[in-house]
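Going by our numbering, the first residue of the sequence shown is number 370, and it counts up by one from there.
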Amino acid sequence: MAAKADREVLTVAGQEVSISNPNKILFPQAGYTKLDLVRYYLAVAEGALRGAGGRPNVLVRYPNGIDDEFFYQKRAPQSRPSWIEVVSLSFPSGRTAEEIVPRDAAALAWMANLACLELHPHPVRADDLDHPDELRIDLDPVPGIAWTQVRTVAKVVETTLADFGLVGWPKTSGSRGIHVYVRIDRRWGFSEVRRAALAFAREVERRAPTLATSKWWKEERHGVFLDYNQNAKDRTIASAYSVRPKADARVSAPLTWDEVDDCEPEDFTLTTMPNRFRELGDRHADIDRHPCSLGGLLELSMRHEKEGMGDAPWPPQYKKQAGEPPRVQPSRKRTSKHPLIEIGRAAKKDDALAGLERWRGRHPDAAAHLQPADVLVDAMRGRFATWTRIRVNLQHVPESLRPVQEALDPDDAPKSSYPGEDEAGKRPAAAARSRGRARRSSR
């Protein structure tokens, strides 16, 4: 148990919230502590609760600060105050979990005490878990894309939303992208909302084909990717006012559309946002007053289907969906247009990146031709652990200089976490063959 000197008790919203190790450094470069994080969320509580309050939240915890390992915690801690609300969610896997539902500033302070830097709410309210009230548009630039291009695509998003009678509320992601939220009537399920998001992504791509893409596979992307799968059930993204694990403690900043052209992600941090909030208030204060209909986007989706554009790939942890195209990345097809090789897999990102540098050292002539978007760094979330995979697209490397696929370096990702594996750590096809052999041998 922490000593009394290592604990501070705050009275928030009529509740006592105990902050353990308040001086623990969470942001080594900036020197911000756990207590700084708590005070930040108290300063912007009204806005933060507008984005994450009343919703089930995944806990994203950094117990030893941003330079150490973090983990996603879906299940609420068993040891929690009686005034912390939870709700039981069911996931595509068939499992269930009780997740935290923050309702007031005290809950935000309690979550911050767990070193939850980020707020990761689901797009549903706790009183109706089957019908989202948000359409989430995630603008995710591929490596090498300038911030100015992200802002340009955001303005295309603004115009497209208006053409479909939708009201968008932009914010910086706190990293490299921009999020735009649309409040929607709670009439549609997750599949319909995702289908509307896919139709919207394709429409933005049609309007700005050189700047934006709706392509799921990384080796096919260019410019700014509109991640429609963020609207699939069980997906969460950092909400408004969420702190992000960046050295300068950037936060996801709500904006007006007029601010998009001039904003910079580094303008909004754990220390600057409270002043902005105090002076300007919450830029998304009216978001709940403008629920919209997805009717127009769903009609567009039906037109796409008639034109031969059906569903698009789902994330790998989801069951195969009706109408979904073959779930195999282009680089694994027999005739791939993308010369892709895999470099390594590692439990820690830094180890995977070190393997990439070793590969560059072995193949300097090929590495010299790579563009930033040719290096594909995949954050893979398995059932029990997260890990990193690194691949290289050799499309800009002359054929005479293209290295062949080598043994993975490193190759120490958790075996039971490879995408598509069963609980025993086997690929589904391999597991099926094993079961078949077992049945035949028992006959």
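Even for Gly, the Cβ is constructed at its ideal location relative to N, Cα and C. All of these numbers come straight from a predicted model, not from anything done at the bench.
Out of Arg-464, Tyr-409 and Ala-382, which has the shortest C-alpha to C-alpha gap to Trp-452?
-> By 1-based counting over the sequence shown, the position of residue 452 is 83. Checked all of Arg-464, Tyr-409 and Ala-382; the closest Cα to Trp-452 is Ala-382.
Might you give, ordered along the chain, the residues of its own chain that have their beta carbon closer than 7 Å to the beta carbon of Ser-611, omitting 5 neighbours on each side?
-> In the sequence shown, residue 611 corresponds to position 242, counting from 1. Cβ within range, chain order: Glu-487, Leu-488, Gly-543, Val-620 and Ser-621.
Identify whether Asp-747 lies in helix, strand or coil by the three-state DSSP scheme.
-> Position 378 of the sequence shown, counting from 1, holds the residue named residue 747. Residue state, collapsed to three classes: strand.
Backbone CA spacing between Pro-694 and Ile-710 [nearest angstrom] | Sequence index remark: in the sequence shown, residue 694 carries index 325 (1-based). Sequence index remark: in the sequence shown, residue 710 carries index 341 (1-based). When rounded, the distance between both Cα atoms is 23 Å.
Excluding the five sequence neighbours on either side, which residues of its own chain have a C-beta within less than 7 Å of the C-beta of Ala-399, listed in chain order?
-> Taking the sequence shown and counting its residues from 1, one reaches residue 399 at position 30. If we look at Ala-399 and ignore the five residues flanking it on each side, its Cβ neighbours are Ala-616, Asp-617 and Ala-618.
Keeping to the same chain, check which residues put their C-beta closer than 7 Å to that of Lys-602; ignore five residues upstream and five downstream.
-> Within the sequence shown, the letter at position 233 stands for residue 602. For Lys-602, where only same-chain residues beyond five positions count, the Cβ hits under 7 Å are Pro-461 and Phe-559.
Where does Ile-388 sit, in a helix, a strand or coil, going by DSSP?
-> Taking the first residue of the sequence shown as 1, we reach residue 388 at position 19. Ile-388: strand per DSSP, three-state reduction.
Is DSSP giving Val-573 helix, strand or coil here?
-> In the sequence shown, counting from the first residue as 1, residue 573 sits at position 204. Helix at Val-573.
From Leu-663 to Val-562, what distance separates their C-alpha atoms?
-> Translated into positions along the sequence shown, residue 663 becomes position 294. Translated into positions along the sequence shown, residue 562 becomes position 193. Straight-line Cα distance between these residues: approximately 8 Å.
Other residues of its chain near Arg-472: CB distance less than 7 Å, five sequence neighbours each side excluded | In the sequence shown, the residue the question calls residue 472 occupies position 103. Closer than 7 Å at the Cβ level, and outside the excluded window around Arg-472, lie Gly-422, Gly-423 and Glu-454.
So Leu-595 is in the beta strand (DSSP E); what residue range does that whole segment cover?
-> The residue you call residue 595 lines up with position 226 of the sequence shown. Note, Leu-595: beta strand (DSSP E), 593-595.
Span separating the alpha-carbon of Gly-537 from that of Pro-578 = For the purposes of this step, residue 537 is taken as residue 168 along the sequence shown, with counting starting at 1. For the purposes of this step, residue 578 is taken as residue 209 along the sequence shown, with counting starting at 1. Approximately 21 Å, taken between the alpha carbons.
Flag this pair as yes or no: are the beta carbons of Leu-498 and Ala-565 separated by less than 8 Å?
-> Translated into positions along the sequence shown, residue 498 becomes position 129. Translated into positions along the sequence shown, residue 565 becomes position 196. Contact flag unset, no.
Proximity to Pro-741 [Cα-Cα], best of Arg-750, His-500, Met-749 and Ile-759 = Position 372 of the sequence shown holds residue 741. Nearest C-alpha to Pro-741: Ile-759.
Since Leu-406 and Leu-418 are thought to touch, with beta carbons under 8 Å apart, how far apart are those beta carbons, to the nearest angstrom?
-> Here residue 406 corresponds to residue number 37 of the sequence shown, with the count starting at 1. Here residue 418 corresponds to residue number 49 of the sequence shown, with the count starting at 1. Leu-406 to Leu-418, Cβ: 16 Å. No contact.
In angstroms with no decimal places, state the Cα-to-Cα distance between Lys-689 and Trp-683.
-> As a first step, residue 689 is located in the sequence shown; it is residue number 320 there, counting from the start. As a first step, residue 683 is located in the sequence shown; it is residue number 314 there, counting from the start. Distance between the alpha carbons of Lys-689 and Trp-683: 8 Å.
beta-carbon Asn-600 near the ligand FAD non-hydrogen atom, thresh 7 Å = With respect to small molecules bound, the structure shown includes none, and the ligand FAD cannot be examined in it.
Would the beta-carbon of Arg-505 fall within 8 Å of that of Tyr-550?
-> Stepping through the sequence shown from its first residue, residue 505 is reached at position 136. Stepping through the sequence shown from its first residue, residue 550 is reached at position 181. Going by C-beta atoms, Arg-505 is nearer than 8 Å to Tyr-550.
Buried/exposed call for Arg-672, threshold 16 Cβ in 10 Å | What you label residue 672 is simply residue 303 of the sequence shown in a count that begins at 1. Arg-672 comes out exposed.
Burial state of Gln-599, where buried means 16 or more other Cβ atoms lie within 10 Å | One-based indexing of the sequence shown puts residue 599 at position 230. Looking at its Cβ environment, which holds 16 or more other Cβ atoms inside 10 Å, Gln-599 is buried.
Using the beta-carbon count (16 or more within 10 Å), is Ala-607 buried or exposed?
-> Along the sequence shown, read from residue 1 onward, the residue named residue 607 stands at position 238. Answer is buried; the Cβ neighbour count reaches 16.
Coil, strand or helix - Ala-609 by DSSP | On the sequence shown, residue 609 is found 240 positions in, with the first residue counted as 1. Of the three classes helix, strand and coil, the one that applies to Ala-609 here is coil, per DSSP.
Can you find at least 3 beta carbon pairs, one from the region 566-575 and one from the region 589-597, that sit closer than 8 Å?
-> yes
DSSP beta-bridge partners of Pro-471 = Here residue 471 corresponds to residue number 102 of the sequence shown, with the count starting at 1. DSSP lists no partner for Pro-471.
Among Ser-389, Asn-482, His-491 and Ala-445, which one has its Cα closest to the Cα of Gly-420?
-> As a working mapping, residue 420 is identified with position 51 in the sequence shown. When each option's Cα is compared against that of Gly-420, the closest is His-491.
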